[in-house]
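K.L.:
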Amino acid sequence: MLHLFSEPVSAHILPARFTYPFHYTPHPLCIRAAEKVQAYLHTQTQWHKELMNGKMFGVLIVQSQTGEIGYLAAFSGNLAHQNNHPFFVPPVFDLLQPDGFFRIEEENISAINRKIGEIEKSQEYVNLKKLLSEESARAKQVLSDMKTRLKQSREIREARRQSNPDEEELAQMVKESQYQKAELKRQERYWQQQIAGIQTDISTFETEISQLKKERKNRSATLQQQLFDQFRLLNGYGETRGLCSIFEQTAQKTPPAGAGECAGPKLLQYAYLNQLKPIAMAEFWWGNSPKTEIRHHGQYYPACKGKCEPILNHMLQGLSVEDNPLLNEKSSTAQLDILFEDEWLLVIHKPEGMLSVPGKCNQVSVYDLLVKQYPDATGPIIVHRLDMATSGLLIIAKTKEVHKHLQAQFKEHTVKKRYIAILDAPVAEPEGTINLPLCLNPLDRPRQIVSEEYGKTAITTYKVLERSADKTRIAFYPQTGRTHQLRVHAAHPAGLNAPIIGDELYGRKDKRLFLHAESIEFTHPVTGKRIQTERKADF
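If you're matching positions, the sequence shown starts at -11 in the numbering used here and goes up one per residue.
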């Protein structure tokens, strides 16, 4: 499992501290190791189709007890329906063992699924459901027709009463009315009994289905718990914790499916078990992007937040780990250029790298600077936001009333915005519209995913301004304001398939994110005049 580099590795090029796994630039040794893994993958033609569907791989630089420097390799999940392949480290727990409890119980659960399917497709059950539908429709029609006739008869009798009928005729009308009402009641009882009989026959099948589904649910939950119990994860101190113990302190409380099966935990577990010192780690994507997430072939990515963050926070204890670069306190000397101001509001230019509002980081935000500069301002001040990495125009409210009015304009889509971006690929169409619904990826915050089921409508129109062989300068006109909307619409294969240069989440790192909010137009809440402000991008 340990692969040594063909050339000796000098100690002076080793990193001083282990990789912070959630925000990093791959160490040169990790890149060398990843290239070795990628070369190996190219030789495995039997995996070509599966690999093209996309998979995350990881490398871990380690030092042996004799001082040799090498690397370990791993894949997330399974590969070719197996967990064990000679080139890669084994799983923390191999749930695919043919004679293991997982496979045995998985087959028992599959047998329950087959039984449920057989019942649901049985001819008798299908016929009964069809009969119920037909008889219910027939009953509805028969009773509806009777009620219509009863109403018509009542109207006729009412007309007859207006002609001063004698007592015998009145008695006859009363008798006729009573008979029709009684007949309707009899028909209602008849159809209730008919339908109830069919429903009783159907319930025999549905009771069995319900019991099987309950058994399936209980067995699945028990199996999942048994599986979690098998994942006993080490850390640098030699301490061991189970998945349930690790996740009980998180917001989700229980481990998500697949926890412990990602590349990172596999690599560290193998290193600890074999007395190998972890030096640096990196993960890269190989193959096509998934339909919902954005992943680019050969690019490096941080460990996922939902599954891996709690696990790695435990497993990295005992190692000297790099600080989270996003939590480093940075003093900001950047100034907020004011492009428009009156007694009610202002439009400012936010530099790239500054937060719009205070966050978990200790960095100065636009809000921090403005509350100092305008101590008498009332209300939330910040009307809308820009991503930390995005530069451009922000509208600022000085009063609560103005803030409310401006936010209503954003909600009603009457604020017009234009963004300028440089994309990391050519865009063929000169203009167009992107409509991809977006929502948060709960297992990998703050990334957004495209989801037809859970996403909210997100629409962007665009116009190509300049195009070269490998880049595109483009104007974006967002019609909605979803988180990371322009970044995802640019990068996603179903969008422009061209990430914004410098987008660390959906593309690749550069000196900055080349996205700038260049122009904004809105109605002044007090004067009623349209205000249009512009600040050209400095790229």
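Built from N, CA and C at the ideal position, the CB exists for glycine as well.
Since the structure is predicted, the reported quantities are computational estimates derived from the model, not experimental observations.
Using only alpha-carbon positions, find the residue among Ala446, Asn429 and Lys459 that is nearest to Asp412.
P.N.:
By 1-based counting over the sequence shown, the position of residue 412 is 424. For Asp412, the nearest C-alpha among the options comes from Lys459.
K.L.:
Could you give the C-beta distance for Leu83 and Leu231, rounded to a whole number, given that I count them as a contact under 8 Å?
P.N.:
Translated into the one-based positions of the sequence shown, residue 83 becomes position 95. Translated into the one-based positions of the sequence shown, residue 231 becomes position 243. In fact, because the Cβ distance is near 13 Å, the residues do not count as touching under 8 Å.
K.L.:
What is the DSSP secondary structure of Ile369, reduced to helix, strand or coil?
P.N.:
As a position in the sequence shown, residue 369 is number 381, starting the count at 1. The answer is coil: DSSP assigns Ile369 none of H, G, I, E or B.
K.L.:
How would you label Asn71, buried or exposed, when you count the other beta carbons within 10 angstroms and need 16 or more for buried?
P.N.:
What you label residue 71 is simply residue 83 of the sequence shown in a count that begins at 1. Result: buried.
K.L.:
Could you tell me which of Ile422, Lys338 and Trp332 sits nearest to Asp325, measuring between CA atoms?
P.N.:
Residue 325 sits at position 337 when you count from the first residue of the sequence shown. The shortest Cα separation from Asp325 among Ile422, Lys338 and Trp332 belongs to Lys338.
K.L.:
Are the Cβ atoms of Gly46 and Glu249 separated by less than 7 Å?
P.N.:
Residue mapping note: residue 46 aligns to position 58 of the sequence shown, counting from 1. Residue mapping note: residue 249 aligns to position 261 of the sequence shown, counting from 1. Against a cut-off of 7 Å, the Cβ pair of Glu249 and Gly46 comes out as no contact.
K.L.:
Thinking Glu123 and Ile190 are a contact (beta carbons under 8 Å), I'd like their distance in whole angstroms, please.
P.N.:
The sequence position of residue 123 within the sequence shown is 135, counting from 1. The sequence position of residue 190 within the sequence shown is 202, counting from 1. Not quite, the Cβ-Cβ distance comes to about 12 Å (not below 8 Å), so this is no contact.
K.L.:
Can you tell me the Cα-Cα spacing of Arg470 and Lys444, whole angstroms?
P.N.:
As a position in the sequence shown, residue 470 is number 482, starting the count at 1. As a position in the sequence shown, residue 444 is number 456, starting the count at 1. Taking the straight line from one Cα to the other gives about 8 Å.
K.L.:
DSSP three-state label for Ala478, please.
P.N.:
Within the sequence shown, residue 478 is the residue found at index 490, counting from 1. If DSSP states are grouped into helix, strand and coil, Ala478 belongs with the helices.
K.L.:
Give a yes or no on contact between the region 121 to 141 and the region 200 to 208, applying the rule of three or more CB pairs nearer than 8 Å.
P.N.:
In short, these stretches do not touch, since the Cβ pair count stays below three.
K.L.:
For the alpha helix (DSSP H) holding Met161, just list the boundary residues, first then last.
P.N.:
One-based indexing of the sequence shown puts residue 161 at position 173. Run containing Met161: Glu155 to Gln218, per the alpha helix (DSSP H) assignment.
K.L.:
For His30, count the other beta carbons within 10 Å of its own beta carbon; 16 or more makes it buried, fewer makes it exposed. Which is it?
P.N.:
Here residue 30 is taken as the residue at index 42 of the sequence shown, counted from 1. The residue in question, His30, is exposed, as its Cβ has fewer than 16 Cβ neighbours within 10 Å.
K.L.:
Do Ile508 and Leu381 have their C-beta atoms closer together than 7 Å?
P.N.:
Residue mapping note: residue 508 aligns to position 520 of the sequence shown, counting from 1. Residue mapping note: residue 381 aligns to position 393 of the sequence shown, counting from 1. For Ile508 and Leu381, yes; Cβs fall inside 7 Å.
K.L.:
Span of the beta strand (DSSP E) holding Ala268?
P.N.:
By one-based count along the sequence shown, residue 268 stands at place 280. Here the beta strand (DSSP E) through Ala268 covers Lys265 to Trp274.
K.L.:
Is it a yes or a no for the region 48 to 67 touching the region 106 to 114, going by three-plus beta-carbon pairs under 8 Å?
P.N.:
Because the criterion of three Cβ pairs below 8 Å is not met, the region 48 to 67 and the region 106 to 114 do not touch.
K.L.:
In this structure, does DSSP put Gly380 in helix, strand or coil?
P.N.:
The residue you call residue 380 lines up with position 392 of the sequence shown. Strand, per DSSP.
K.L.:
Find the nearest neighbour of Glu389 within the set Ala377, Arg433, Ser353 and Leu333, judged by alpha-carbon distance.
P.N.:
Walking along the sequence shown from the start, residue 389 turns up at place 401. Taking only the C-alpha atoms, the option nearest Glu389 is Leu333.
K.L.:
Closest to Ala505 by CA distance: which of Gln520, Ile267 and Asn423 is it?
P.N.:
As a working mapping, residue 505 is identified with position 517 in the sequence shown. Nearest option by C-alpha distance: Gln520.
K.L.:
Name the two residues that bound the continuous beta strand (DSSP E) containing Asp375.
P.N.:
Taking the sequence shown and counting its residues from 1, the one referred to as residue 375 is at position 387. It is not in any beta strand (DSSP E) - Asp375 carries neither H nor E in the DSSP assignment.
K.L.:
Can you tell me which of Glu155, Thr449, Lys499 and Pro74 puts its alpha carbon nearest to the alpha carbon of Gly341?
P.N.:
In the sequence shown, residue 341 corresponds to position 353, counting from 1. The shortest Cα separation from Gly341 among Glu155, Thr449, Lys499 and Pro74 belongs to Lys499.
K.L.:
Can you tell me which of Val415, Asp432, Pro434 and Val438 puts its alpha carbon nearest to the alpha carbon of Pro425?
P.N.:
By 1-based counting over the sequence shown, the position of residue 425 is 437. Ranking the options by Cα distance to Pro425, first place goes to Val438.
K.L.:
Within 8 Å, do at least three Cβ pairs link the region 21 to 38 to the region 231 to 247?
P.N.:
No: fewer than three Cβ pairs fall under 8 Å.
K.L.:
If you follow the alpha helix (DSSP H) that Thr421 is in, where does it begin and where does it stop?
P.N.:
Position 433 of the sequence shown, counted from the first residue, corresponds to residue 421. It is not in any alpha helix (DSSP H) - Thr421 instead sits in the beta strand (DSSP E) that spans Glu419 to Asn423.
K.L.:
At a Cβ threshold of 7 Å, is Thr238 touching chain C?
P.N.:
Protein chain content of the structure displayed is limited to a single chain, and chain C is not contained in it.
K.L.:
Three-state secondary structure (DSSP) at Pro79?
P.N.:
Position 91 of the sequence shown, counted from the start, is the residue given in the question as residue 79. Looking at Pro79 - three-state DSSP - the assignment turns out to be coil, as it is neither helix nor strand.
K.L.:
Using only alpha-carbon positions, find the residue among Pro(-4), Leu2 and Tyr8 that is nearest to Glu310.
P.N.:
Numbered from 1 along the sequence shown, position 322 holds the residue referred to as residue 310. Considering only alpha carbons, the answer is Tyr8.
K.L.:
Under 8 Å: do the region 8 to 22 and the region 295 to 306 share three or more Cβ pairs, one atom per stretch?
P.N.:
Taking 8 Å as the limit for Cβ pairs, the verdict is that the region 295 to 306 does touch the region 8 to 22.
K.L.:
Label Lys517 either buried or exposed according to how many other C-beta atoms from any shown protein chain fall within 10 Å of its C-beta, with 16 as the threshold for buried.
P.N.:
Residue mapping note: residue 517 aligns to position 529 of the sequence shown, counting from 1. The residue in question, Lys517, is exposed, as its Cβ has fewer than 16 Cβ neighbours within 10 Å.
K.L.:
In its own chain, which residues sit with a C-beta less than 7 Å from the C-beta of Phe76, not counting the 5 before and 5 after it?
P.N.:
Reading the sequence shown from its first residue, position 88 is the one you call residue 76. So the qualifying residues of the chain are Ala61, Ala62 and Phe63.
K.L.:
Kindly confirm or deny that the region 288 to 299 and the region 428 to 435 touch, where touching means at least three C-beta pairs closer than 8 Å.
P.N.:
At 8 Å Cβ cutoff, the stretches touch.
K.L.:
Using CA atoms only, rank isn't needed, just tell me which of Ile97, Ala184, Glu331 and Arg406 is closest to Gln212.
P.N.:
Taking the first residue of the sequence shown as 1, we reach residue 212 at position 224. If we check each option's Cα against that of Gln212, Ile97 comes out closest.
K.L.:
Arg145 to Met161, Cα distance in whole Å?
P.N.:
Along the sequence shown, one-based indexing puts residue 145 at 157. Along the sequence shown, one-based indexing puts residue 161 at 173. If I take the Cα positions, the gap works out to 7 Å.
K.L.:
Quick one: using the 10 Å Cβ neighbour count with 16 as the cut-off for buried, is Ala(-1) buried or exposed?
P.N.:
What you label residue -1 is simply residue 11 of the sequence shown in a count that begins at 1. By the 10 Å Cβ count, Ala(-1) comes out exposed.
K.L.:
Out of curiosity, what's the CA-to-CA distance linking Ala147 and Lys139?
P.N.:
Here the question's residue 147 lines up with position 159 in the sequence shown. Here the question's residue 139 lines up with position 151 in the sequence shown. Going from the Cα of Ala147 to the Cα of Lys139 covers about 13 Å.
K.L.:
For the region 52 to 118, list the alpha helix (DSSP H) runs that are entirely contained and at least 4 residues long, ordered along the chain.
P.N.:
The region 52 to 118 contains these whole alpha helix (DSSP H) runs: 89 to 109.
K.L.:
Using 10 angstroms around the beta-carbon of Ile92, count the other beta-carbons present and answer buried if the total reaches 16, otherwise exposed.
P.N.:
Position 104 of the sequence shown, counted from the start, is the residue given in the question as residue 92. So Ile92 counts as exposed.
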